[in-house]
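Colleague: Please read through the structure below; I'll follow up with questions.
There are 2 protein chains.
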Amino acid sequence: MKRKSFAGDGCPIARSLDEIGDWWSMLIIREALFGVRRFGEFQKKLGLAKNILTVRLRALVDHGILRTAPASDGSAYQEYVLTPKGHGVVPVLVALRQWSEQFDDAPEEIATILVDREQGRPVRKLELRSQDGRLLGGGDTMLKPNPAAKRRRRG
Amino acid sequence: MKRKSFAGDGCPIARSLDEIGDWWSMLIIREALFGVRRFGEFQKKLGLAKNILTVRLRALVDHGILRTAPASDGSAYQEYVLTPKGHGVVPVLVALRQWSEQFDDAPEEIATILVDREQGRPVRKLELRSQDGRLLGGGDTMLKPNPAAKRRRRG
DNA sequence: GGTATCTGGTTTCATAACGCAACTACACAA
DNA sequence: TTGTGTAGTTGCGTTATGAAACCAGATACC
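This is how it looks when you write it as C-alpha cells:
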C-alpha cells in the first residue's frame with residue numbers, strides 16, 4: 001500500500017503534481033524565488049520540521065528543480081538554488097496567487113499583491129491565448145493526443 | 001500534532017494551497033472540467049479510494065469550488081458541479097500542464113496536448129504582463145503590501 | 001589548541017492521513 | 001421481491017508528517 005504516484009501517468013497535470021504537487025515543495029520554491037538559499041533559512045521562514053525539509057529538498061534536487069551549490073559567502077556549507085526548471089514554476093505560483101486574489105473568501109487577509117517593478121501596478125491576469133493571439137475561454141480549447149507520445153493514456 | 005494549515009497565513013499562494021494544494025483535489029477539478037459529475041465516475045476515472053473521494057468532495061464543496069446539484073438525468077442521485085470559483089482554477093491547471101510540457105524528463109510519455117478548438121494548434125504559453133501590456137520576466141516584478149489588508153504578513 | 005556555538009542534518013516516536021476491502025443504505029429495474 | 005447499481009461509511013493496517021532530541025562537522029571565541 002503506497003501513496004499513489006502519478007509518474008507513469010500520461011496526464012501532464014498529474015506528472016507535474018507528482019513533482020511539485022506537495023504542500024511544502026511549492027512553498028519552498030516560492031521562498032527560493034525570493035532569494036532564500038540556505039537550509040536554516042528555509043526552515044525558519046517556513047516553520048516546517050527539519051526532517052521534512054530534508055526530504056523535500058532532496059526530492060526537489062532529484063527532480064532537477066533545485067541544485068546544490070557551494071555557499072556564496074565562502075563558507076564550507078552548501079546552498080540550494082533554483083534551476084531553469086525551478087524558475088519555470090513561476091506561472092503556476094502566479095496562477096495560484098491570482099486565484100486567491102480573485103476568489104478568496106477573506107481577501108482582506110491577503111498580505112501582498114504582485115506588481116510590476118516599473119510602475120508599481122498589479123500585474124495583469126494570466127490569460128490563455130491561441131497561437132494567433134485570440135483570447136480563449138472555457139469551451140474554446142480541447143485536448144489532442146500528443147503526436148510524439150509513445151503510449152496513449154487519458155489526459 | 002496536526003498537519004499544517006495555511007488558512008490564516010497572509011500569503012495568497014499558501015491560502016490557495018490550503019484549498020486545492022492537495023494531490024487529489026486538483027485532479028478532481030480537472031475531471032470536473034472534463035464534464036465528470038458523478039461520484040462513481042470520479043472514483044472510476046481517478047482510481048482513488050471511495051472514502052478519500054468522499055472527504056475530498058466534501059472539502060471542495062465546503063470551499064465553494066464544487067456544489068451539489070440534483071442529477072441531470074432525472075434520477076434521485078446528486079451531482080457535483082464546478083462553481084465559478086472552481087472554473088477559476090483553469091489557469092493553475094494550464095500552468096501545471098505547460099510546466100510539464102516544457103520541463104518533463106520524459107516528454108514522450110505525455111499523452112495529450114492542449115489546443116485551441118478552432119485551429120487545432122497548441123495554445124500559447126501563459127505569459128505574465130503588466131497592465132500596459134509589457135511582458136514581464138524574472139526581475140520585473142515585486143511584492144507590495146496589500147492596501148486593503150487588515151494584518152500584515154509575509155507573502 | 002580547546003571549547004562553545006552554529007549549521008545542517010538524522011533518529012525516535014506519536015499521531016494523522018491514506019488506501020484497501022468489507023459493509024450498509026437507498027434507488028432503480030425486472 | 002429479488003437483484004443490481006450508486007453513494008457512501010466503517011475498520012484496520014501502512015505510510016507520511018511533525019515535534020523534539022540527538023549528533024557531526026564547521027565556525028567563532030579565547
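Listed in order, the protein sequences are those of chains A and B.
Number 14 in my numbering belongs to position 14 of the first sequence; there are no gaps in the numbering.
Number 49 in my numbering belongs to position 49 of the second sequence; there are no gaps in the numbering.
C-beta: ideal position from N, C-alpha, C; glycine also.
1) 8 Å is my cut-off, CB to CB: does LYS50 of chain A come that close to chain B?
2) Output the boundary residues of the alpha helix (DSSP H) element that contains PRO70 of chain A.
3) To the nearest angstrom, report how far apart ASP116 of chain A and SER130 of chain B are at their CA atoms.
4) Assign GLN119 of chain B to one of two classes, buried (16 or more other C-beta atoms within 10 Å of its C-beta) or exposed (fewer than that).
5) In chain A, which residues lie less than 7 Å from LEU93 of chain B when you measure between Cβ atoms?
6) Is SER72 of chain B close to chain A, meaning its C-beta is less than 8 Å from at least one C-beta of that chain?
7) Which value, in whole angstroms, describes the spacing of the CA atoms of GLU101 of chain A and GLU31 of chain A?
8) Would TYR80 of chain A pass as a contact of LEU66 of chain A if the rule is Cβ separation under 8 Å?
9) Output yes if chain B places a C-beta closer than 8 Å to the C-beta of GLN98 of chain A; else output no.
10) If you count every other CB in all the chains shown that lies within 10 Å of the CB of LEU135 of chain B, and 16 or more means buried, which is it?
11) Under 8 Å Cβ to Cβ from ARG97 of chain A, same chain only, skipping five residues before and after it: list those, please.
12) Starting from GLU41 of chain B, trace the alpha helix (DSSP H) in both directions and tell me its first and last residue.
13) Going by Cα to Cα distance, which pick from A:GLY133, A:GLY137, A:ARG124, A:THR112 is closest to ASP132 of chain B?
14) Quick one: is PHE42 of chain B buried, meaning 16 or more other Cβ sit within 10 Å of its Cβ, or exposed?
15) Give the straight-line distance between the Cα atoms of LYS150 of chain A and ALA106 of chain B, rounded to the nearest whole angstrom.
16) Find out if the Cβ-Cβ distance for the pair THR54 of chain B, VAL61 of chain B is shorter than 8 Å.
17) Kindly say whether ALA111 of chain B, judged by its beta-carbon, lies nearer than 8 Å to any beta-carbon of chain A.
18) Taking only three categories from DSSP, how would you classify ASP116 of chain A?
19) Let me see if you follow: with CB-CB separation under 8 Å, is ALA149 of chain A close to chain B or not?
20) On the premise that GLY10 of chain A lies in contact with ILE110 of chain B, defined as a C-beta separation below 8 Å, what is that separation, rounded to the nearest angstrom?
21) Figure out for me which residue from A:PRO84, A:GLY35, A:GLY40, A:TRP99 has the closest Cα to the Cα of ALA14 of chain B.
22) Helix, strand or coil: how does DSSP classify GLU127 of chain B here?
23) Name, please, each residue of chain A whose Cβ falls closer than 9 Å to the Cβ of SER102 of chain B.
24) Strictly under 8 Å for the Cβ-Cβ distance: is MET44 of chain A near chain B by that measure?
25) Given a cut-off of 8 Å, decide if LEU82 of chain B and LEU48 of chain B are closer than it, judged by their beta-carbon atoms.
26) For LEU17 of chain A, return the contacting residues in chain B, with the cut-off set at a CB-CB distance below 8 Å.
27) Taking Cβ positions, are PRO91 of chain B and LEU143 of chain B nearer each other than 8 Å?
28) On a CA-only basis, which of A:SER72, A:VAL89, A:GLY139 is nearest LEU27 of chain A? Give me that one, please.
29) To the nearest angstrom, how far is the alpha carbon of GLY137 of chain A from that of PHE39 of chain A?
30) Report yes if the C-beta of GLY139 of chain A is less than 7 Å from at least one heavy atom of the ligand ZN; otherwise report no.
Modeller: The structure says:
1) no
2) Where PRO70 of chain A is concerned, there is no enclosing alpha helix (DSSP H), although the beta strand (DSSP E) it sits in stretches over 66-70.
3) 6 Å
4) exposed
5) ILE13
6) no
7) 19 Å
8) yes
9) yes
10) exposed
11) LEU114
12) 39-46
13) A:ARG124
14) buried
15) 10 Å
16) no
17) yes
18) strand
19) yes
20) 6 Å
21) A:TRP99
22) coil
23) For the sequence presented, residue 102 of chain B should be read as Gln rather than Ser. Those are LYS85, GLY88, listed as they occur along chain A.
24) The sequence given here places Lys at residue 44 of chain A; Met does not occur at that position. No, LYS44 of chain A does not count as interfacial toward chain B.
25) no
26) TRP23, MET26, LEU27, LEU96
27) no
28) A:VAL89
29) 42 Å
30) Here there are no bound small molecules, and the ligand ZN is not part of this structure.
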